[in-house]
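The structure appears below as structure tokens.
Number of protein chains: 2
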Amino acid sequence: MEFSLTTMGTASAHPIVNRYPSAHVLNIHGRLFLIDCGEGTQVQLCRCGFSFGKINEIFISHLHGDHVFGIFGLLSTMSLIGRSAPLYIYAPRDFSSILNFFLAHFGEGVKFTIEHKVLDCSAPEMIFESKSTEVYAFPLNHRISTFGFLFKEKEPKMNIFKDKVDGLTFGEMVRLKSGEDVIRDNGQILAFKDYTYIPYKSRSAAYCSDTAPFEALPQWIKGVDLLYHEATFASDRAEMAKATNHSTALQAATVAKLSGAGQLIIGHYSSRYPDLTVLLEEARTIFPNTFLAKEGMKFEVSLQQYNE
Amino acid sequence: MEFSLTTMGTASAHPIVNRYPSAHVLNIHGRLFLIDCGEGTQVQLCRCGFSFGKINEIFISHLHGDHVFGIFGLLSTMSLIGRSAPLYIYAPRDFSSILNFFLAHFGEGVKFTIEHKVLDCSAPEMIFESKSTEVYAFPLNHRISTFGFLFKEKEPKMNIFKDKVDGLTFGEMVRLKSGEDVIRDNGQILAFKDYTYIPYKSRSAAYCSDTAPFEALPQWIKGVDLLYHEATFASDRAEMAKATNHSTALQAATVAKLSGAGQLIIGHYSSRYPDLTVLLEEARTIFPNTFLAKEGMKFEVSLQQYNE
Numbered sequence: 001m002e003f004s005l006t007t008m009g010t011a012s013a014h015p016i017v018n019r020y021p022s023a024h025v026l027n028i029h030g031r032l033f034l035i036d037c038g039e040g041t042q043v044q045l046c047r048c049g050f051s052f053g054k055i056n057e058i059f060i061s062h063l064h065g066d067h068v069f070g071i072f073g074l075l076s077t078m079s080l081i082g083r084s085a086p087l088y089i090y091a092p093r094d095f096s097s098i099l100n101f102f103l104a105h106f107g108e109g110v111k112f113t114i115e116h117k118v119l120d121c122s123a124p125e126m127i128f129e130s131k132s133t134e135v136y137a138f139p140l141n142h143r144i145s146t147f148g149f150l151f152k153e154k155e156p157k158m159n160i161f162k163d164k165v166d167g168l169t170f171g172e173m174v175r176l177k178s179g180e181d182v183i184r185d186n187g188q189i190l191a192f193k194d195y196t197y198i199p200y201k202s203r204s205a206a207y208c209s210d211t212a213p214f215e216a217l218p219q220w221i222k223g224v225d226l227l228y229h230e231a232t233f234a235s236d237r238a239e240m241a242k243a244t245n246h247s248t249a250l251q252a253a254t255v256a257k258l259s260g261a262g263q264l265i266i267g268h269y270s271s272r273y274p275d276l277t278v279l280l281e282e283a284r285t286i287f288p289n290t291f292l293a294k295e296g297m298k299f300e301v302s303l304q305q306y307n308e
Numbered sequence: 309m310e311f312s313l314t315t316m317g318t319a320s321a322h323p324i325v326n327r328y329p330s331a332h333v334l335n336i337h338g339r340l341f342l343i344d345c346g347e348g349t350q351v352q353l354c355r356c357g358f359s360f361g362k363i364n365e366i367f368i369s370h371l372h373g374d375h376v377f378g379i380f381g382l383l384s385t386m387s388l389i390g391r392s393a394p395l396y397i398y399a400p401r402d403f404s405s406i407l408n409f410f411l412a413h414f415g416e417g418v419k420f421t422i423e424h425k426v427l428d429c430s431a432p433e434m435i436f437e438s439k440s441t442e443v444y445a446f447p448l449n450h451r452i453s454t455f456g457f458l459f460k461e462k463e464p465k466m467n468i469f470k471d472k473v474d475g476l477t478f479g480e481m482v483r484l485k486s487g488e489d490v491i492r493d494n495g496q497i498l499a500f501k502d503y504t505y506i507p508y509k510s511r512s513a514a515y516c517s518d519t520a521p522f523e524a525l526p527q528w529i530k531g532v533d534l535l536y537h538e539a540t541f542a543s544d545r546a547e548m549a550k551a552t553n554h555s556t557a558l559q560a561a562t563v564a565k566l567s568g569a570g571q572l573i574i575g576h577y578s579s580r581y582p583d584l585t586v587l588l589e590e591a592r593t594i595f596p597n598t599f600l601a602k603e604g605m606k607f608e609v610s611l612q613q614y615n616e
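Now the structure itself:
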């Protein structure tokens with residue numbers, strides 16, 4: 001029942017040695033969601049041991065090159081290794097031009113469907129749903145149309161308390177687990193709340209890059225367990241952050257605090273910071289549970305089981 | 309007076325961990341010629357310590373993604389770091405569409421001229437000339453329009469033998485060094501051949517990827533000092549090489565032998581060969597002075613000075 005974020009690219013627009021452009025994998029129960037696809041993503045996926053075949057959904061936050069230039073190589077290699085399963089790419093409207101360009105010039109031999117799901121919302125909106133997961137997109141505050149993503153594990157099905165199983169029929173158990181009270185022929189009422197419990201807390205992760213701070217954001221990701229938030233600069237370059245619609249580490253930490261996040265992962269570092277300590281220390285003054293994203297690092301959200 | 313080839317990407321279409329798509333730097337007297345630009349080239353350039361500012365010419369052999377997908381990120385970063393010098397990209401005709409796509413979607417802020425020099429020849433043709441260097445393009449035998457490149461250091465100017473300098477006027481020296489005989493007023497003839505020598509042998513390097521073997525190639529690169537030739541497969545997959553218009557290591561070595569090359573560097577390895585020994589051993593049966601390209605490896609052609 002894994003729920004983890006692997007950060008594969010922590011650079012901002014100017015990559016440097018061992019710092020790749022944006023690329024992340026969120027693993028929810030073994031299903032891999034690729035978030036942003038900067039140049040070199042396919043090699044980083046190999047390096048982190050992720051199978052291309054387990055990626056069916058790609059989420060592109062915005063169409064700056066450092067978040068999307070890896071899509072060409074990744075699609076080409078998926079084709080080369082014989083992919084047939086459809087691929088869904090959630091991206092801003094103009095991504096269609098990029099996809100069409102790719103297909104026209106490099107798409108010979110692509111045997112799988114690539115469907116562009118257009119991101120277009122002004123508040124959180126569900127864009128994907130599976131048995132176990134919901135994904136919401138919401139607008140960020142960058143220089144071009146940019147979206148953040150909230151991934152939520154669905155509420156698990158209720159379990160029957162072990163010490164109350166005896167004496168229940170199979171049919172009664174099914175109804176109680178679905179949240180229905182049972183009235184027996186003799187008039188006895190079995191309230192589902194007395195018999196059932198939620199086995200574990202559902203988990204969530206949010207991805208916010210690239211963005212300047214804005215008021216609505218903390219509410220939109222309220223209570224998120226793992227927050228990835230860009231921290232391109234430290235406060236010494238707050239003006240530069242403002243001018244380029246980016247965030248400082250302090251601002252990222254403020255979002256984490258206001259949203260009541262469980263942990264904060266910062267990334268998307270400017271190449272001006274070869275040593276990232278300043279970013280980490282700054283964020284921790286506001287939000288102590290902050291960690292630095294690094295290439296190949298996995299951040300897990302552990303399962304919080306409820307007592308029976 | 310450096311003359312060296314650095315191989316930065318040795319993978320073929322399917323990159324694997326630590327094997328990047330095609331990218332090479334030929335350094336001639338400190339001027340950097342970038343040859344092919346697969347995904348990840350900009351990071352590989354950083355890793356190898358090459359300054360982007362010293363690259364003014366890029367040579368793209370053909371428009372398969374593994375030879376060109378890195379151009380987007382490289383151009384973006386050149387722009388980001390404030391490049392103003394013109395950039396010349398020697399590439400097949402259709403590269404215009406790629407460049408136009410880039411400029412239309414990601415070109416905002418690009419302040420330097422990017423000139424596409426169209427490759428279009430059926431035999432070797434000089435495409436670039438500077439004080440020290442000539443570059444020739446020639447067609448290869450691949451599935452789409454593909455070109456190889458021959459880089460030649462120009463013949464150095466002649467020197468006067470040290471023991472013959474005394475007694476010559478400055479004007480006489482200039483004329484002798486330019487290959488002109490001098491007739492003095494008293495009728496004495498000074499033959500330039502008696503007074504001058506060529507200080508060193510000019511060096512050359514050829515780049516041949518991707519290609520199936522063809523008859524004319526060895527003649528076109530006759531006597532080359534350093535030959536980079538693709539060796540996507542070993543002979544165990546000769547049929548696959550033939551079907552995809554690639555070469556085996558044995559075929560690459562045959563080209564090296566027939567052309568009288570000084571050394572052979574093979575690369576562009578299929579991911580089917582995690583261990584490259586088979587390729588190296590096979591090539592060396594024909595051409596012992598063969599070496600395996602690896603990421604970040606530099607192959608130098610040393611200066612062969614003539615005795616005074």
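Residue numbers (the numbering used here), protein chains in the order written: chain A, 1 to 308; chain H, 309 to 616.
Even for Gly, the Cβ is constructed at its ideal location relative to N, Cα and C.
query: DSSP three-state call for MET386 of chain H: helix, strand or coil?; result: helix
query: Is the Cβ-Cβ distance between ALA11 of chain A and SER271 of chain A less than 8 Å?; result: yes
query: For a contact defined as C-beta to C-beta under 7 Å, what are the partners of PHE409 of chain H on chain A?; result: PHE101
query: Answer with yes or no whether the minimum CB distance from ARG47 of chain A to chain H is below 8 Å.; result: yes
query: Tell me the rounded alpha-carbon separation between ILE389 of chain H and SER76 of chain A.; result: 29 Å
query: Given a limit of 7 Å on CB to CB distance, which residues of the region 28-52 of chain A reach chain H?; result: GLU39, GLY40, GLN42, VAL43, CYS46, ARG47
query: Just to confirm, are ARG47 of chain A and VAL351 of chain H a CB contact at a threshold of 8 Å?; result: no
query: My understanding is that TYR207 of chain A touches PHE161 of chain A, with C-beta atoms under 8 Å, so please give their C-beta distance in whole angstroms.; result: The pair is not a contact, with the Cβ atoms about 37 Å apart (cut-off 8 Å).
query: By alpha-carbon positions, which one of H:ALA499, H:GLY495, H:ASP471 ends up nearest to LEU484 of chain H?; result: H:ALA499
query: Measuring alpha carbon to alpha carbon, tell me which of A:PRO92, A:ARG143, A:ARG19, A:VAL165 ends up nearest MET8 of chain A.; result: A:ARG19
query: Contact between the region 246-255 of chain A and the region 274-291 of chain A is defined here as three or more beta-carbon pairs at a separation below 8 Å; is this criterion met?; result: yes
query: Since ASN273 of chain H contacts THR519 of chain H with CB under 8 Å, what's their CB separation in whole angstroms?; result: Summary: the structure shown does not reach residue 273 of chain H, with chain H confined to residues 309 through 616, and so no result is reported for it.
query: Take GLY30 of chain A as the anchor and find which of A:HIS64, A:GLY53, A:MET126 has the nearest alpha-carbon.; result: A:GLY53
query: Quick check: the region 521-535 of chain H against the region 444-463 of chain H, are there 3 or more CB pairs under 8 Å?; result: yes
query: The alpha helix (DSSP H) with HIS67 of chain A in it runs from where to where?; result: Careful: HIS67 of chain A lies outside any alpha helix (DSSP H) and carries neither H nor E.
query: To which residues does DSSP link TYR228 of chain A through a beta bridge?; result: A:TYR207, A:ILE265
query: State the Cα-Cα distance for the pair ALA85 of chain A and TYR136 of chain A, rounded to the nearest angstrom.; result: 23 Å
query: What do you reckon, are the CB atoms on VAL603 of chain H and GLY70 of chain A nearer than 8 Å?; result: Checking the sequence, you will find Glu at residue 603 of chain H rather than Val. Going by C-beta atoms, GLU603 of chain H is not nearer than 8 Å to GLY70 of chain A.
query: Quick one: Cα of HIS64 of chain A to Cα of ALA243 of chain A, how far?; result: 16 Å
query: Just checking: is the beta-carbon of HIS268 of chain A within a distance shorter than 8 Å of some beta-carbon in chain H?; result: no
query: Who are the neighbours of GLY73 of chain A on chain B, taking C-beta pairs under 7 Å?; result: Given the protein chain composition of this structure (A and H), no chain B is represented.
query: Is the distance from the Cβ of LEU334 of chain H to the Cβ of ALA513 of chain H below 8 Å?; result: yes
query: Once you ignore the five residues that flank GLN612 of chain H on each side, which residues in its own chain have a CB closer than 7 Å to its CB?; result: TYR508, LYS509
query: Please determine, among A:GLY187, A:SER302, A:ARG237, the residue with the shortest C-alpha to C-alpha distance to GLU282 of chain A.; result: A:ARG237
query: Taking 8 Å as the CB-CB cut-off, is LEU388 of chain H touching chain A?; result: yes
query: How about SER61 of chain A and GLY148 of chain A: are their beta carbons less than 8 Å apart?; result: yes
query: Between HIS322 of chain H and chain A, is there a C-beta pair that is closer than 8 Å?; result: yes
query: Which chain A residues sit within Cβ distance under 7 Å of PHE414 of chain H?; result: GLY65
query: Going straight from the alpha carbon of LYS462 of chain H to that of SER440 of chain H, what length do you get?; result: 5 Å
query: With HIS116 of chain A as the anchor, note down where its beta strand (DSSP E) starts and where it stops.; result: 114-119
query: Report the rounded CA-to-CA distance for ALA13 of chain A versus THR248 of chain A, giving the unit in angstroms.; result: 16 Å
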